[in-house]
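These protein sequences, in sequence, are chains A and B. Each residue of the first sequence is one higher than the one before, starting from 48 at the first, in my numbering. Each residue of the second sequence is one higher than the one before, starting from 85 at the first, in my numbering. Note that beta-carbon positions come from the ideal geometry of N, C-alpha and C, so glycine has one too.
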Amino acid sequence: MRRVVITGMGAVSPYGKGLHIFFESLIEGKSAITSLSNLADIKGLRSWVAGLVNGIDPKEIPRKYRRSMSSMSIYAAMACREALDQARLNEEQCTGGQMGVAIGSTIGSTLTTQEFFNNLLSTGSLEQMKSTVFFKIMNHSCAANVSQLLGITGRTLSPSAACSTSCQAIGYGYEMIAFGKQDFMLCGGTDEYHPLFTGTFDILNAASVNRDRDGVVCSEGSGILLLESLDSAEKRGANILGEIIGFATVSDPTNIANPDMASIKRCMQLALNDADIKPEEIDYVNAHATSTKQGDIAESEAISELFRDGTPVSSFKGHLGHTMAASGALESIALVEMINRGCLIPTLNLENIDDACSNICHICELQATNIRTAIKNNFALGGINSSLVIRRYKDD
Amino acid sequence: MTDQQIIDLINTSLGEEFELEKEDMKPEALLFDDLELDSLDIVDLVVVLEKAFQFKIREEDSIQEIRTLGDIHRFVINKKKQLNKQ
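So this is what it looks like as structure tokens:
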């Protein structure tokens, strides 16, 4: 099995375009959430806030490629370009077949689907249907669009598991490189905001580790990590940002909406087994922490049972909201940055910790702490749990 | 509509849809080689013209002979004349 390292990262987040604004905003404790007055017009929708991407210019992408992209593909394409720039790969390395893509979204473009059916149902006709509509709706829209734009000829896959999507994408990319099937993988997730997401969490009665929790805030964006075999990275003298050493994903059939503590614990344990490390070697847990009552309590209990007392835990959803399919990758990017900068970013707006979640060590202030090995969790609607183990790169 | 009004509406509609520069939109411009359109764009070109002029042209064989922007101008002008006669 080959070792797999991270040599590039890219982010389009509710803070804007690029890694710099993404991480600096997290460090400064800024909220990416804004109030959207137009949401108040939707009957039955009780949350009127979201984290939307602003300040990007889609025309950076040539029309020939952009015409088949909805917003989520545009976010992913921009994040991929940033990751490739950071990794300093040449064209042959991108297009020669050694590079693959694993990028997913929760679903295809909901807004495009909505517009299509609005037109079909109001006119009873398909005569105004554009040639590129389907390319924005299909499940692998983002992965396919990125491969087209970048001329990638290796494997293209599009994992889709809601909130676990990009954690799985990184895990599958890691395994593909570890098994020698590809040398490079662009991995991550992307989503575009639609009130469907807010409404879904609302009706599932989402409520967090914060005693005064009032539900999930949905957001949009894309996070991409360029994974590479260690051999390749060393051969070309790449700047290595971190190492993926373990991954696990499991199905939790106990309930399609609510995660189960035993399944979460099993998922994290399997990721540790994959990494061949013991729980006490974990220096930090980046929690999924969606802000659902059942999910937060189950995750807190699982962390408490598995890891040593005092293991620091935080989540970035207080800053970013829930970026859905992008959350695993955006949060992993922030985790890699924390490892390299020697700091721990706290959970934003966590003021009154729920007694049921007080059994773990919540980070509530920015800390200067060196962490070597961390675990990153994502748990999805549909009962799909996933965990990644990420380690500071050390030449050993 | 006058012929010039038809040409202006075609150029505006296609310019917006395909992000074409005005100086490139010469009658002799080849759709594929000069304006860099492709087969997917031709599908959308028909949709755009049908919407702009409120007619149906998708099934017309003479569309296959269109090569230049000027061919589109002439095609639409003739089509409008045919419809006006009916």
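- Query: Can you list the beta strand (DSSP E) stretches of 3 or more residues lying completely in the stretch 268 to 347 of chain A, in chain order?
  - Reply: 268 to 276, 289 to 298 and 331 to 333
- Message: Short of 6 Å in beta carbon distance, which residues of its chain neighbour Glu290(A), apart from the five on each side in sequence? Order them along the chain.
- Response: Numbered from 1 along the first sequence, position 243 holds the residue referred to as residue 290(A). Correct list, in chain order: Val52, Arg438 and Tyr440.
- State the Cα-Cα distance for the pair Gln183(A) and Phe363(A), rounded to the nearest angstrom. Within the first sequence, residue 183(A) is the residue found at index 136, counting from 1. Within the first sequence, residue 363(A) is the residue found at index 316, counting from 1. The question names Gln, but residue 183(A) is Lys in the sequence shown. Spanning the two alpha carbons is a distance of roughly 29 Å.
- Query: If you drop the 5 nearest sequence neighbours on each side, which residues of the same chain put their C-beta closer than 8 Å to that of Thr157(A)?
  - Reply: Looking up residue 157(A) in the first sequence gives position 110. The residues are Glu239, His241 and Leu243.
- Task: Give the DSSP-derived three-state secondary structure of Gln175(A) in the structure shown.
- Result: Taking the first residue of the first sequence as 1, we reach residue 175(A) at position 128. If DSSP states are grouped into helix, strand and coil, Gln175(A) belongs with coil.
- Query: Any idea if Phe116(B) is buried or exposed, counting beta-carbon neighbours within 10 angstroms, 16 or more meaning buried?
  - Reply: Taking the second sequence and counting its residues from 1, one reaches residue 116(B) at position 32. Its Cβ having fewer than 16 others within 10 Å, Phe116(B) is exposed.
- Task: Closer than 6 Å by C-beta to Tyr331(A): which residues in its own chain qualify, once you throw out the five before and the five after it? Chain order, please.
- Result: By one-based count along the first sequence, residue 331(A) stands at place 284. Cβ neighbours of Tyr331(A) beyond the five flanking positions: Pro359, Ile418 and Ala421.
- Query: In chain B, what lies closer than 7 Å to Lys177(A) by C-beta?
  - Reply: In the first sequence, counting from the first residue as 1, residue 177(A) sits at position 130. Chain B residues near Lys177(A): Asp128 and Val131.
- Return the chain-ordered list of same chain residues with a C-beta closer than 7 Å to the C-beta of Ile407(A), the five sequence neighbours on each side being excluded. Looking up residue 407(A) in the first sequence gives position 360. Ser347, Ile350, Ser351 and Val360.
- Query: Taking the alpha-carbon positions, what's the Ser255(A) to Thr394(A) distance?
  - Reply: Locating residue 255(A) in the first sequence gives position 208, where the first residue counts as 1. Locating residue 394(A) in the first sequence gives position 347, where the first residue counts as 1. Confidence at Ser255(A) is low in this model, with a pLDDT of 43, below 50, so its placement is unreliable and the value that follows should be read with caution. Going by the C-alpha atoms only, they are around 11 Å apart.
- Message: Quick check on Glu267(A): buried or exposed, where buried means 16 or more other Cβ atoms within 10 Å of its Cβ?
- Response: As a first step, residue 267(A) is located in the first sequence; it is residue number 220 there, counting from the start. Per the 10 Å Cβ criterion, buried.
- Going by DSSP, name the residue or residues bridged to Asp238(A). By 1-based counting over the first sequence, the position of residue 238(A) is 191. Looking at the DSSP output, Asp238(A) bridges to Gly268(A).
- Item | Option nearest Asp230(A) by Cα separation, candidates Gln133(A), Trp95(A), Cys141(A) and Thr81(A) | Taking the first residue of the first sequence as 1, we reach residue 230(A) at position 183. Here the closest residue by C-alpha is Cys141(A).
- Query: Is any beta-carbon of chain A found at less than 8 Å from that of Glu134(B)?
  - Reply: One-based indexing of the second sequence puts residue 134(B) at position 50. Cβ-Cβ to chain A under 8 Å: yes for Glu134(B).
- Message: Give the list of continuous alpha helix (DSSP H) stretches no shorter than 4 residues that lie fully inside the stretch 65 to 148 of chain A.
- Response: Runs of the alpha helix (DSSP H) inside the stretch 65 to 148 of chain A: 66 to 74, 110 to 113, 118 to 134 and 138 to 142.
- Task: Starting from Ser361(A), trace the alpha helix (DSSP H) both ways and give me its first and last residue.
- Result: On the first sequence, residue 361(A) is found 314 positions in, with the first residue counted as 1. First-last for Ser361(A): Pro359 to Ser361, but that is the beta strand (DSSP E), not the alpha helix (DSSP H).
- Task: Taking Glu174(A) as the query, report the chain B residues whose CB atoms sit under 8 Å from its CB, ordered along the chain.
- Result: Here the question's residue 174(A) lines up with position 127 in the first sequence. Simply Val131, Glu134, Lys140 and Arg142.
- Quick one, are the C-beta atoms of Gly235(A) and Ala376(A) less than 8 Å apart? Taking the first residue of the first sequence as 1, we reach residue 235(A) at position 188. Taking the first residue of the first sequence as 1, we reach residue 376(A) at position 329. Closer than 8 Å, so yes.
- Task: Please confirm whether Cys265(A) and Phe426(A) have their CB atoms less than 8 Å apart.
- Result: Taking the first sequence and counting its residues from 1, the one referred to as residue 265(A) is at position 218. Taking the first sequence and counting its residues from 1, the one referred to as residue 426(A) is at position 379. A distance of 8 Å or more separates the beta carbons of Cys265(A) and Phe426(A).
- Query: Taking the continuous beta strand (DSSP E) assigned at Ile431(A), which residues delimit it?
  - Reply: Here residue 431(A) is taken as the residue at index 384 of the first sequence, counted from 1. Its beta strand (DSSP E) spans residues Ile431 to Arg438.
- Item | Exposed unless 16 or more other CB atoms sit within 10 angstroms - verdict on Gly171(A) | For this step, residue 171(A) is matched to residue 124 along the first sequence. With fewer than 16 other Cβ atoms within 10 Å, it is exposed.
- Task: Report the partner residues of His409(A) according to the DSSP bridge assignment.
- Result: Against the first sequence, residue 409(A) aligns to sequence position 362. BP columns for His409(A) point to Val360(A).
- Message: Classify Ser139(A): buried if its beta carbon has 16 or more other beta carbons within 10 angstroms, exposed otherwise.
- Response: The sequence position of residue 139(A) within the first sequence is 92, counting from 1. According to the sequence shown, residue 139(A) is Glu rather than Ser. That one is exposed.
- Message: Cutting at 7 Å between CB atoms, please list the residues of its own chain near Cys404(A), excluding the five before and the five after it.
- Response: Translated into the one-based positions of the first sequence, residue 404(A) becomes position 357. Closer than 7 Å at Cβ, skipping near neighbours: Val256, Asp343, Ile344 and Ser347.
- Query: So what does DSSP say about Met185(A), is it helix, strand or coil?
  - Reply: Sequence index remark: in the first sequence, residue 185(A) carries index 138 (1-based). DSSP places Met185(A) in coil when its eight states are reduced to three.
- Just mark Arg388(A) as buried or exposed, buried being the case when its beta carbon has 16 or more other beta carbons within 10 Å. Residue mapping note: residue 388(A) aligns to position 341 of the first sequence, counting from 1. Exposed, by the Cβ-count rule.
- Task: Please classify Ile150(B): does DSSP put it in a helix, a strand, or coil?
- Result: One-based indexing of the second sequence puts residue 150(B) at position 66. In this structure, Ile150(B) counts as coil in the three-state DSSP scheme.
- Task: Report the rounded CA-to-CA distance for Gly201(A) versus Leu99(A), giving the unit in angstroms.
- Result: The residue you call residue 201(A) lines up with position 154 of the first sequence. The residue you call residue 99(A) lines up with position 52 of the first sequence. One C-alpha to the other measures close to 32 Å.
- Item | Closer than 8 Å to chain A by CB, Glu107(B) | In the second sequence, the residue the question calls residue 107(B) occupies position 23. With 8 Å as the cut-off, Glu107(B) does not count as an interface residue toward chain A.
- Item | Delimiting residues of the alpha helix (DSSP H) encompassing Ala209(A) | Sequence index remark: in the first sequence, residue 209(A) carries index 162 (1-based). DSSP places Ala209(A) outside any alpha helix (DSSP H), giving it a letter other than H or E.
- Task: Using a Cβ-Cβ cut-off of less than 7 Å, give me the residues of the stretch 311 to 331 of chain A that come near chain B, in sequence order.
- Result: Among the residues of the stretch 311 to 331 of chain A, none has a Cβ less than 7 Å away from any Cβ of chain B.
- Message: Closer than 8 Å is the cut-off here; do at least three beta carbon pairs connect the stretch 79 to 91 of chain A with the stretch 315 to 330 of chain A?
- Response: no
- Find the residues of chain C that neighbour Arg49(A), judging by a C-beta separation of less than 7 Å, and give them in chain order. Absent from the structure: chain C. Protein chains present are A and B.
- Message: Taking CB distances under 8 Å as the criterion, tell me whether Leu153(B) reaches chain A.
- Response: Counting from one through the second sequence, the residue named residue 153(B) turns up at place 69. Closer than 8 Å: no.
- Any idea if Ser269(A) is buried or exposed, counting beta-carbon neighbours within 10 angstroms, 16 or more meaning buried? Position 222 of the first sequence holds residue 269(A). Buried, since its Cβ has 16 or more Cβ neighbours within 10 Å.
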